[in-house]
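Since the structure comes first, as structure tokens, the remarks are kept for the end.
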Amino acid sequence: MSFPLDQSLSPSCTTLSSDLQSLVSCHVSLVIKRELNSLTYASIQPTPPQRQAWSETIQALLDVDGNCSTISQNLHESLKSSYTVLEVGEFCALVETSTVYNCAGNKNEYEKGWGIFIVPARKDHTKKSLHISAPHPTDDALTGEQAGHVFEKTGAKSLYIAGRARTAFRKQTNCIASTPSTAYWKTDPAHDNEEMMFDTYKVILDWQNAEGGCSAESCAYIQLHGKGGKTCVTDQAFMSSGLGRESGGVMWYKDPLHATLPIHRLSKHFISYFPTWNATLPSSPHSDCPLTASKNIVGRLINGVPEDEVCSQAATANTTKGAFVHIEQSIEPRMIEYWDTWVKVVLDSFDDIPYESS
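According to my numbering, the stretch in the sequence shown is residues 814 to 1171, in order.
See the structure below:
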């Protein structure tokens, strides 16, 4: 079934948001949940020129320093029908403006669902070289809004929140092979390299490397996820860097030289601020949680796997530097009353970066 454009809601709430949190909440409300088929999925996939324009816009936003409107005015024609760049408070945001009506859900949703990307409008407002993302903002309830809050309050460099539910198109991805117990769908940005999250992080990774790399003291790529109530029930937060419980992975987590990497600092501060909860790693002897993110393709890319091999090649202990942090959470840490405490965890885990005016 196709869904006609709903012109009655133009502009969408994304263009009417006055602050970052309302923008993020608006975005999450518009995430595509409608059931896509082969034709409707193909019709909303970006063309090669759109992918190029998207990547160029992400690059421009990472470099912005005080003038979001310049990027908006120079937005490529291939993006203008669906996207714009807005200045929302102290932030520049690449947001979708086109919506369609989902009859089954009786609600409006994005037409394309390529995601939202946000950066501080001024370089001196970036306090940490942190890149925050929420790949499953509706499937992993509250992680989109939580990511927005942590991004805003920590002075992080970038925020990406996906624009499609991972189950919107229930065709198994050609990227990561499904198993009898787990299906990986085409619209799952953590496991499909044709989703725009992968394009976005290719640019972010190149940009960060050009800025001098990702120092373990002040930099990380943090993905916020949520797990079901029957999964890893004793772990309120299960953290990994994309390596699993194979012997090399366990040794990597236990290596004394890695004791100060982001994942260890985050888990230590989590336990400090949430003393009644567990924060475990793949090396923790009292946890058997399988959510190690070893098949997460953005994590693989960050961990040194070549772009053209992320679908087939897992990261190894030899190339993994610890910049990727994957956090699975039970529902409790995702609740709004704990977001400010999460902010404290992150602030205490990373040094500020010096700002040098150009």
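Where is the CB? At the ideal position from N, CA and C, for every residue including glycine.
Beta-carbon proximity list for residue i, same chain, < 6 Å, skipping 5 on both sides
| i | result |
| --- | --- |
| Asp1005 | Thr986, Cys988, Lys999 |
| Ala917 | none |
| Glu1008 | Pro1002 |
| Asp1048 | Asn1091, Thr1093, Ser1100, Cys1102 |
| Asp1153 | none |
Inter-residue spacing [alpha-carbon to alpha-carbon] between residue i and residue j
| i | j | result |
| --- | --- | --- |
| Val1156 | Ser1028 | 20 Å |
| Tyr1151 | Gly1135 | 25 Å |
| Cys839 | Thr827 | 6 Å |
| Ser831 | Gln886 | 20 Å |
| Asn880 | Ala934 | 7 Å |
| Phe982 | Leu829 | 29 Å |
| Asn915 | Arg1147 | 27 Å |
| Ala906 | Tyr896 | 10 Å |
| Ala1033 | His944 | 6 Å |
| Ser868 | Glu1059 | 35 Å |
| Thr870 | Val1123 | 24 Å |
| Gly957 | Thr1105 | 20 Å |
| Thr1013 | Val908 | 13 Å |
| Ile1140 | Ile1035 | 8 Å |
| Val1046 | Asn850 | 35 Å |
| Ala1072 | Ser882 | 43 Å |
| Ser1162 | Asn919 | 43 Å |
| Ala1128 | Asn1109 | 10 Å |
| Leu1074 | Asp1068 | 10 Å |
Sub-8 Å separation of residue i and residue j beta-carbons
| i | j | result |
| --- | --- | --- |
| Leu1056 | Ser1107 | yes |
| Ser1137 | Ser1100 | Residue identity check: residue 1137 is Phe in the sequence provided, not Ser. Contact flag unset, no. |
| Ile884 | Val898 | yes |
| Phe930 | Leu833 | no |
| Gly1184 | Val837 | Nothing about residue 1184 can be read from this structure; the chain reaches only from 814 to 1171. |
| Val932 | Leu874 | yes |
| Asp952 | Thr992 | no |
| Trp1065 | Thr1132 | no |
| Gln872 | Val1016 | yes |
| Asp1164 | Glu1030 | yes |
| Gly1042 | Ile1144 | yes |
| His889 | Ala855 | no |
| Ile1166 | Leu1018 | no |
Host alpha helix (DSSP H) of residue i (start-end)
| i | result |
| --- | --- |
| Val785 | No information on residue 785 is available, as it lies outside the stretch 814 to 1171 that the chain covers here. |
| Pro1146 | 1144-1147 |
| Glu890 | 890-893 |
| Lys920 | Element bounds for Lys920: not the alpha helix (DSSP H) but the beta strand (DSSP E), 920-923. |
| Ser885 | 881-886 |
| Glu965 | 956-967 |
| Tyr1014 | 1009-1023 |
| Phe1083 | 1075-1086 |
| Ala1050 | Counting along the chain, Ala1050 falls outside any alpha helix (DSSP H), though it belongs to the beta strand (DSSP E) covering 1050-1053. |
| Gly1062 | 1060-1067 |
| Val1111 | 1110-1115 |
| Thr870 | 861-876 |
Contact set for residue i: own chain, Cβ-Cβ below 8 Å, skip 5 residues either direction
| i | result |
| --- | --- |
| Met1010 | Gly928, Ser946, Pro948, Tyr973, Ala975, Pro1002, Ala1003, Val1111 |
| Gln1126 | Arg1113, Val1118, Pro1119 |
| Ala990 | Tyr997 |
| Thr860 | Ser891 |
| Ile1076 | Met1052, Ser1053, Ser1054, Tyr1066, Leu1094, Gly1135, Val1138 |
| Thr910 | Ser823, Pro824, Ser825, Thr827, Thr828, Ser895, Tyr896, Thr897 |
Where the beta strand (DSSP E) containing residue i begins and where it ends
| i | result |
| --- | --- |
| Ser1162 | No beta strand (DSSP E) contains Ser1162, which is instead part of the alpha helix (DSSP H) from 1152-1162. |
| Pro933 | 929-933 |
| Phe904 | 904-909 |
| Leu899 | 896-901 |
| Tyr973 | 971-974 |
| Thr912 | 912-915 |
| Ser942 | 942-947 |
7 Å CB neighbourhood of residue i in its chain, flanking five on each side removed
| i | result |
| --- | --- |
| Val1158 | Leu1079, His1082, Phe1083, Tyr1086 |
| Thr912 | Asp819, Leu822, Ser825, Leu843, Asn921, Glu922, Tyr923, Glu924 |
Practice problem: Count the C-beta pairs between the stretch 963-971 and the stretch 924-944 that are closer than 8 Å, then say yes if the count reaches three, no if not. | Solution: yes
Quiz prompt | At least 3 beta-carbon pairs within less than 8 Å: the stretch 916-936 vs the stretch 829-844 | solution = yes
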